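A.B. asks: Quick note on full-length UniProt numbering: the sequence shown kicks off at 1 and runs consecutively. C-beta atoms are modelled at their ideal positions from N, C-alpha and C, and glycine is treated no differently. Quantities reported herein were computed from a predicted structural model and do not represent experimental measurements.
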Amino acid sequence: MHIAYEAKAVLPNLPLQIEAIACHGNHVLVGTKDSRDGSAKLLDYTIKGGGGNREYEIDVNKSLKSFSRKPVQQLVCVPEHQILISLSDNIIHVHEMSHFTEMFSIAKTKGASLFATDIHKTSSASGLVTYHLKLCVAVKRKIQLFDWRSRSFTEITELGVADVPRSLAWCGHSICVGFKRDYFLINITTGELKELFTTGNTSQIEPTITKLSEDLMALGRDNMSIIVDSEGEPAKKYALRWSDVPTVLEHDQPYIIALMPKYIEIRTVDPRLLVQTIELKDAKYITSGSSGHVYIASQECIWKLEPVPIHNQIKELLKDKQFELALHLANMTEEVEADKQMRIQHIQNLYAFELFQQERFDDSMKLFARLSTDPAQVVGLFPDLLPGDYRSKLEYPSKPTELKGANLEKGLTALIEYLTQKRLDLLNESSPETSRPSSIVEGSITTTSVKQRAQIIDTTLLKCYLQTNDALVASLLRLKDNKCHFEESERDLRIHSKYSELVILYSNKGKHKEALDLLLRQSQKVSSPLRGIERTVQYLQKLGAKHSDLVFEYATWVLSAHPEDGLKIFTENNPEVDSLDRRRVLEYLSRASSGLVIPYLEHIILNCGDTTETFHNQLIQMYREKIEKLMPEFVETLPEGQSFTRAGSEPGELGALRKKLLGFLETSKHYAPGKLLAFFPKNAFFEERALMCGRAGRHEEPLAIYAHLLKNASLAEAYCERHYDPSEENSKDVYFQLFQTYLDPPDSQSFRSQSHLVEPEKNVGEALNILEKHFDKIDTAKAFGSLPGDIKVDTVQNFLRKVLEIKAKQRRAAQVSKSLFYAENLQVRLLL
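1. Residues in its own chain within less than 8 Å of Met622 by CB, not counting five upstream and five downstream?
2. Do you know how far the Cα of Leu820 is from the Cα of Val734?
3. Of all the options Ser39, Thr448, Met342 and Ala7, which has the alpha carbon lying nearest to the alpha carbon of Ile257?
4. Going by the DSSP bridge assignment, what does Val72 pair with across the sheet?
5. Unbroken alpha helix (DSSP H) runs of length 4 or more, entirely within the segment 351-389: which are they?
6. For Gly655, which residues of its own chain have a beta-carbon under 8 Å away from its beta-carbon, when the five flanking residues on both sides are left out?
7. Give the DSSP-derived three-state secondary structure of His132 in the structure shown.
8. On the DSSP letters alone, give me the boundaries of the alpha helix (DSSP H) that residue 838 sits inside.
9. Note the first and the last residue of the continuous beta strand (DSSP E) segment covering Ala7.
10. For Phe214, which three-state DSSP category applies?
11. When burial is assigned at 16 or more other CB atoms within 10 Å of the CB, is residue 837 buried or exposed?
12. Runs of 3 residues minimum, wholly inside the segment 114-202: which ones carry the beta strand (DSSP E) assignment?
13. Does the contact criterion of 3 or more C-beta pairs under 8 Å hold for the segment 29-45 versus the segment 336-344?
14. Using 8 Å as the threshold, is the C-beta distance between Ala169 and Ile106 below it?
15. Is the beta carbon of Val78 sitting closer than 8 Å to the one on Gly31?
16. Distance, Cα to Cα, Ala471 vs Leu477?
17. Between Ile227 and Val269, which are expected to be in contact by the criterion C-beta below 8 Å, what is the C-beta distance as a whole number of angstroms?
18. Is there contact here, the segment 401-421 with the segment 441-451, by at least three beta-carbon pairs under 8 Å?
19. Kindly indicate the opening and closing residues of the alpha helix (DSSP H) around Asp565.
20. Given Lys463, which residues of its chain have a CB within under 7 Å of its CB, disregarding the five upstream and five downstream residues?
21. What separation, rounded to the nearest whole angstrom, lies between the Cα atoms of Gly765 and Asn574?
22. In whole angstroms, what separates the C-alpha of Glu442 from that of Ile344?
23. With distances taken Cα to Cα, identify the nearest neighbour of Leu249 among Pro383, Gln740, Glu233 and Tyr295.
24. Could you tell me whether the segment 422-431 touches the segment 349-365, where touching means 3 or more Cβ pairs closer than 8 Å?
25. According to DSSP, Ser105 sits in a beta bridge with which residue or residues?
26. Would you give the residue range spanned by the beta strand (DSSP E) that Cys23 belongs to?
27. Heavy atom of the ligand PLP less than 7 Å from the Cβ of Glu359, yes or no?
28. Excluding the 5 residues preceding and the 5 following Ala716 in the sequence, name in chain order all residues of the same chain whose CB lies nearer than 8 Å to its CB.
29. Using 8 Å for Cβ pairs, my map puts Phe736 next to Ile778. What's the rounded Cβ distance?
30. Can you give the Cα-Cα distance for Gly191 and Leu159, rounded to whole angstroms?
31. Roughly how many angstroms lie between the CA atoms of Thr667 and His547, to the nearest whole one?
32. Is the beta carbon of Leu325 closer than 8 Å to that of Ile310?
33. Shortest alpha-carbon distance to Glu572 belongs to which of Ala592, Leu543 and Tyr588?
34. Expressed to the nearest angstrom, what Euclidean distance is found between the alpha-carbon atoms of Gly595 and Val378?
35. Under three-state DSSP, which class holds His251?
36. Could you give the first and the last residue of the continuous alpha helix (DSSP H) run that contains Lys675?
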């Protein structure tokens with residue numbers, strides 16, 4: 001036990017019998033009883049000095065011989081309103097404090113047995129402080145309530161009770177009343193009465209009610225004090241237990257002082273501690289005021305409980321490891337705020353360490369989390385989490401407890417919560433560089449760098465996860481802002497065979513070659529979670545243009561093992577893959593796996609919409625080369641006399657490729673037909689050449705192919721429809737060119753296939769059909785000039801009639817327009 005107070009007799013032998021005491025500041029008011037006539041005398045003492053071994057200076061300020069005709073039963077000072085309230089002759093009297101002259105007595109309180117006051121401090125927005133004083137008085141089986149207003153007490157209400165109150169105390173908006181056997185709580189707003197509990201088995205002892213704060217009080221029950229709030233509910237999970245039955249209690253923060261017949265006992269509520277026992281015989285009265293003034297009196301003597309300086313108390317408490325009480329006292333000290341906070345933090349650090357030593361890991365880590373303690377010192381409490389040479393430099397109040405087995409796991413779980421919180425605090429701290437961590441032992445080394453603190457936190461989290469819940473390792477390493485120490489983390493991940501997580505570590509630290517080497521080695525191991533190519537493909541897809549050389553280097557073994565899956569390295573839909581230089585990719589694929597060039601070109605053109613002419617030309621050339629390799633085998637299978645079939649109707653891969661090529665030639669607008677036609681032989685690829693010639697504006701060859709080689713008039717007309725454009729010189733006569741090719745077929749040498757010479761034939765009927773159907777798109781004069789001389793007039797009469805009709809319509813329309821313009825011109829002239 002430490003020493004909180006020293007009891008010193010200030011008035012050892014008063015000649016008069018003491019009946020009541022009160023104090024304010026360094027004044028002690030003593031109500032006495034004259035043994036001759038029973039009248040009351042009031043003595044006002046000023047008590048100064050007395051600190052340490054010094055004697056007190058005691059002055060008698062006033063001595064009022066006729067303060068009251070009867071003994072004073074109760075005295076209360078209210079310095080906030082400069083009044084003294086007394087109970088004598090069973091009536092309440094109010095006195096002016098400076099001279100103790102009676103201001104008035106409350107007549108209605110005649111018959112009073114005790115009273116209680118409550119003073120509530122409020123501050124306005126402007127800083128004005130006011131004190132609201134309330135008074136409750138027990139008069140037989142009634143409780144009277146008063147308010148202090150305009151230098152007088154005004155009655156609020158009167159409450160009836162079942163018995164005569166033996167003790168009273170205000171608590172919030174309620175009054176606690178102790179009767180002979182029970183405690184009750186009365187709500188002064190509603191008048192509701194709530195029964196609490198009995199006063200105990202010791203019927204000779206009066207019930208005691210001690211106010212601890214605005215909302216807490218201690219109620220005596222035998223040798224216990226039960227703590228309740230203003231609602232009458234237990235406010236603590238425990239009660240104070242005294243070594244004897246107290247007669248009177250007084251609260252002097254943070255202590256509760258109890259008077260016993262032969263001694264006084266001093267305890268604290270939270271933590272629940274016996275602080276001190278002081279022998280004082282026959283102590284009967286106790287009072288306290290501001291600034292630690294506590295006075296105890298018997299009927300002949302008055303003692304002052306002189307508080308030991310708080311700094312001395314704190315020092316002793318820390319030696320005894322009573323950290324909670326030390327914190328209470330540290331919060332009460334009056335010193336520079338910065339120094340006060342440093343002292344509090346130091347105590348809290350020591351307390352958190354002691355909680356750790358007691359294996360109360362959750363409480364310890366939660367307290368450390370609220371402090372600015374250096375995380376390295378907290379981590380150093382656990383084995384094998386910091387490098388040995390660094391841990392050996394850390395200082396602690398005593399050797400940290402050795403943790404093993406279940407205790408170690410429990411401690412690591414609490415540590416994880418602590419580290420997670422500190423990690424979040426560090427990320428949210430506005431200016432972490434200016435905040436310096438504290439140490440558990442003052443003067444011990446601390447980490448000065450924010451980066452180092454972050455590194456220790458994240459690396460330790462990784463190690464804790466590996467020992468408790470390794471499923472969380474990957475999520476930590478994936479955090480972009482993780483600061484795990486590379487070498488430490490790499491070593492621990494290898495020890496625990498966490499190769500997938502090791503890949504993540506390498507990736508986040510930019511060690512891509514190491515990651516890819518590890519993936520390559522592990523891909524061959526049957527039991528490895530990295531077996532196969534999938535993780536390598538995913539990794540390469542995320543590297544991007546900056547690491548193109550690495551992508552090409554490690555894609556090679558993937559392509560050799562699984563070409564189609566390996567192609568995904570270059571075709572995945574993500575920004576990193578899109579950033580790769582497509583020309584370099586094509587060059588690489590041409591060397592590493594030429595069979596993937598076509599799929600890659602199809603991907604970047606058809607899926608990605610690449611319009612680069614070179615890529616479009618290359619894809620067409622790749623289709624052509626592949627078709628040329630397959631074509632001879634197909635030609636050999638044709639029946640005798642059959643020269644060719646429609647492009648795309650061939651069976652198998654050849655047909656599929658030609659369909660792709662024809663579709664691409666028809667839809668793509670970004671290839672250069674002039675550059676490509678030279679590579680497509682005239683004795684093959686007729687339909688392909690037709691599409692390219694059409695795109696180049698060379699219509700004779702395509703029309704001849706459709707009309708004479710394929711003998712498909714609908715295809716020829718469809719071609720004309722696609723390309724007819726009266727505004728373009730190359731395309732305005734496309735229907736005429738079709739008409740002409742039917743009448744004047746090209747040389748048979750133009751249609752020499754790989755195995756046969758195709759003989760084109762004149763087709764006058766189809767020519768006339770074109771002339772009749774598309775008369776409005778063909779130059780009439782040219783058409784008549786191309787017709788054979790022996791053709792009969794009736795064969796072209798429909799064509800002529802339609803031409804004449806449309807010409808007549810055009811002439812009439814022109815005449816109408818001319819007339820309208822003329823009329824409009826006349827109107828304009830008249831207006832002018």
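C.D. replies: Judging by the given coordinates:
1. Val597, Ile598 and Leu601
2. 36 Å
3. Ala7
4. Ser88
5. 361-370 and 375-379
6. Gly648 and Ser649
7. strand
8. Because the chain here runs from 1 to 832, residue 838 falls outside it and cannot be looked at.
9. Tyr5 to Leu11
10. The sequence as given places Glu at residue 214; Phe does not occur at that position. In the structure shown, Glu214 sits in coil (DSSP, three-state: anything other than H, G, I, E or B).
11. With the chain running from 1 to 832 in the structure shown, residue 837 is simply not present.
12. 129-139, 142-149, 152-160, 167-171, 174-178, 182-187 and 193-198
13. no
14. no
15. no
16. 11 Å
17. 6 Å
18. no
19. Pro563 to Thr571
20. Leu385 and Asp492
21. 59 Å
22. 13 Å
23. Tyr295
24. no
25. His93
26. Gln17 to His24
27. In terms of ligand content, the structure shown is empty, and the ligand PLP therefore cannot be addressed.
28. Leu703, Tyr706, Ala707 and Leu738
29. 5 Å
30. 7 Å
31. 35 Å
32. no
33. Leu543
34. 60 Å
35. strand
36. Pro673 to Leu676
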